[in-house]
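Taking it in order: structure first as structure tokens, then the write-up.
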Amino acid sequence: MIEITGLHKSFGEQKVLTGVDLQIPARKSTVILGRSGVGKSVLLKHIIGLVRPDRGRILIDGVDITKLGDTEINEMRKRFGMLFQDAALFDSMTVGANVAFPLYEHTNLKEKEIARIVAQKLEQVGLPGEEGKMPAQLSGGMKRRVGLARALALDPEIVLFDEPTAGLDPPMAEAIEELITQTQQDLGRTFVVITHSIHTAFHVGHKIAMLHEGKIIEEGSPRAFRKSLNPVVQAFLTPGEGKEEQA
Ligand SMILES: Nc1ncnc2c1ncn2[C@@H]1O[C@H](COP(=O)(O)OP(=O)(O)OP(=O)(O)O)[C@@H](O)[C@H]1O
Ligand SMILES: [Mg+2]
Numbered sequence: 020m021i022e023i024t025g026l027h028k029s030f031g032e033q034k035v036l037t038g039v040d041l042q043i044p045a046r047k048s049t050v051i052l053g054r055s056g057v058g059k060s061v062l063l064k065h066i067i068g069l070v071r072p073d074r075g076r077i078l079i080d081g082v083d084i085t086k087l088g089d090t091e092i093n094e095m096r097k098r099f100g101m102l103f104q105d106a107a108l109f110d111s112m113t114v115g116a117n118v119a120f121p122l123y124e125h126t127n128l129k130e131k132e133i134a135r136i137v138a139q140k141l142e143q144v145g146l147p148g149e150e151g152k153m154p155a156q157l158s159g160g161m162k163r164r165v166g167l168a169r170a171l172a173l174d175p176e177i178v179l180f181d182e183p184t185a186g187l188d189p190p191m192a193e194a195i196e197e198l199i200t201q202t203q204q205d206l207g208r209t210f211v212v213i214t215h216s217i218h219t220a221f222h223v224g225h226k227i228a229m230l231h232e233g234k235i236i237e238e239g240s241p242r243a244f245r246k247s248l249n250p251v252v253q254a255f256l257t258p259g260e261g262k263e264e265q266a
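See the structure below:
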């Protein structure tokens with residue numbers, strides 16, 4: 020469903036992506052794994068058209084989004100939900116208003132209908148009836164849940180997660196991994212999860228790809244990925260080097 024070919028991106032002298040090739044299958048969870056600073060967020064931003072590549076193609080259902088104008092990109096973006104790094108909630112708005120935000124932005128639905136959808140999405144992420152809380156009253160894990168409810172508000176075909184478990188303690192990270200897996204199963208949508216956590220990668224991924232020095236150096240099913248002969252992958256997967264907790 021998403022086909023990335025020969026993607027290049029530099030910022031000034033710094034080459035971040037130097038020929039990324041990756042196929043992201045529809046209705047599955049694909050994990051992009053890589054160390055901090057390797058360009059994972061930059062790659063994700065290309066997929067939703069927030070960043071334009073220097074070179075390369077990104078086909079979504081056969082349409083090259085790198086060729087689209089701003090209005091067309093905006094239109095396309097409605098098909099995406101995104102859970103930003105650190106959830107990125109609006110702190111001055113209630114949980115309910117945060118989840119309702121994309122519905123007010125992108126639809127002409129009546130208030131009552133929006134309230135119904137918000138309640139349903141909060142229920143889906145395990146926070147029923149929490150509309151009135153403020154983000155400051157929430158734990159890190161709850162914030163991610165609200166961020167996910169907001170990402171799901173428009174019933175997107177593709178949901179992107181930028182480091183959904185970073186900064187959470189292990190039980191909370193696991194609860195979020197479980198929620199991602201369950202939501203993907205329930206909705207059958209295309210999920211793309213970016214993480215530097217091996218634990219998260221193996222818990223949520225149907226497919227795992229590793230970004231390293233500007234390229235995808237390995238990809239496959241979790242089982243095949245684990246057996247990779249690539250020494251960089253093996254070093255990353257080897258416990259005891261503190262890589263999982265990096266960043
Ligand atoms: N808009 C920008 N302008 C200049 N440099 C940028 C920009 N966005 C990202 N970079 C640089 O690109 C590199 C990759 O950044 P990116 O945020 O994609 O890393 P990451 O893999 O997501 O890291 P982390 O795991 O810490 O989130 C970094 O060196 C960053 O400074
Ligand atoms: Mg990042």
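In my numbering, the protein residues as written are 20 to 266. The beta carbon of each residue, even a glycine, is placed where N, CA and C say it ideally should be.
message: Please give me, in chain order, every unbroken run of the beta strand (DSSP E) with length at least 3 that falls completely inside the region 204–256.
response: For the region 204–256, whole beta strand (DSSP E) runs of length 3 or above, ordered along the chain, are 209–214, 226–231 and 234–239.
- request: For VAL211, count neighbouring C-beta atoms within 10 Å of its own C-beta (all shown protein chains included) and say buried if the count is 16 or more, exposed if not.
  value: buried
field: Supposed close pair ILE67, ILE23 - CB separation, criterion 8 Å
entry: With 8 Å as the limit, ILE67 and ILE23 do not qualify as a contact, their Cβ atoms being about 13 Å apart.
GLN132 Cβ short of 8 Å to ligand 2 heavy atom set: As written in the sequence, residue 132 is Glu, which differs from the Gln given in the question. No, the beta carbon of GLU132 sits no closer than 8 Å to any heavy atom of ligand 2.
task: Might you give, ordered along the chain, the residues of its own chain that have their beta carbon closer than 6 Å to the beta carbon of ALA228, omitting 5 neighbours on each side?
output: LEU41, ILE51, ILE235 and GLU238
- request: List the endpoints of the continuous alpha helix (DSSP H) containing GLN139.
  value: 130–143 is the extent of the alpha helix (DSSP H) around GLN139.
message: Going by beta-carbon coordinates alone, are PRO154 and VAL165 separated by less than 9 Å?
response: yes
task: For GLU263, name the three-state secondary structure that DSSP assigns.
output: For GLU263, the predicted model reports a pLDDT of 49, less than 50, meaning its position is unreliable and no value from the coordinates is stated.
message: For ligand 2, I want to know if ILE43 counts as a neighbour, meaning its beta carbon is within less than 8 Å of at least one of the ligand's heavy atoms.
response: False, no ligand heavy atom lies under 8 Å from that Cβ.
message: Using only CA atoms, which one of SER240, ALA243, GLU232 and ALA185 lies nearest to ALA106?
response: ALA185
task: Give me the Cα-Cα distance between HIS125 and ALA170, rounded to the nearest whole angstrom.
output: 13 Å
- prompt: Candidates THR219, GLN156 and LYS97: which alpha carbon is nearest SER111's?
  reply: Per the C-alpha coordinates, the member of THR219, GLN156 and LYS97 positioned closest to SER111 is GLN156.
field: Beta-carbon contacts of ALA243 that lie in its chain and below 8 Å, excluding the five residues immediately before and after
entry: none
message: Please classify VAL114 as buried or exposed, where buried requires at least 16 neighbouring CB atoms within 10 angstroms.
response: VAL114 is classed as buried because its beta carbon has at least 16 other beta carbons within 10 Å across all chains shown.
- request: Go through the residues and name those whose CB comes closer than 7 Å to any heavy atom of ligand 2, in chain order.
  value: Having a Cβ closer than 7 Å to some heavy atom of ligand 2 are LYS59, SER60, GLN104, ASP181, GLU182 and ILE213.
message: Is PHE30 close to ligand 1? I mean its beta-carbon at under 8 Å from any heavy atom of the ligand.
response: Yes; taking the cut-off as 8 Å, the Cβ of PHE30 has a heavy atom of ligand 1 nearer than that.
query: According to the neighbour-count rule (16 or more other Cβ atoms, all chains shown, within 10 Å of its Cβ), is ARG71 buried or exposed?
result: exposed
query: Assuming VAL144 contacts LEU167 under a Cβ cut-off of 8 Å, what Cβ separation, rounded to an integer in Å, is found between them?
result: 5 Å
- prompt: On the premise that VAL57 lies in contact with HIS218, defined as a C-beta separation below 8 Å, what is that separation, rounded to the nearest angstrom?
  reply: No, HIS218 and VAL57 are not in contact; Cβ-Cβ is about 18 Å, not under 8 Å.
- prompt: Which value, in whole angstroms, describes the spacing of the CA atoms of ALA266 and GLU94?
  reply: The predicted position of ALA266 is uncertain, since its pLDDT is 43 and thus under 50; a value taken from the coordinates is nonetheless stated next. So the two alpha carbons sit approximately 34 Å from each other.
task: Please name the residue in VAL35, PRO44, ALA45 and THR202 whose C-alpha comes closest to that of GLY53.
output: For GLY53, the nearest C-alpha among the options comes from VAL35.
task: Report yes if the C-beta of GLY38 is less than 8 Å from at least one heavy atom of ligand 1; otherwise report no.
output: no
field: Secondary structure of GLY148, DSSP reduced to three states
entry: coil
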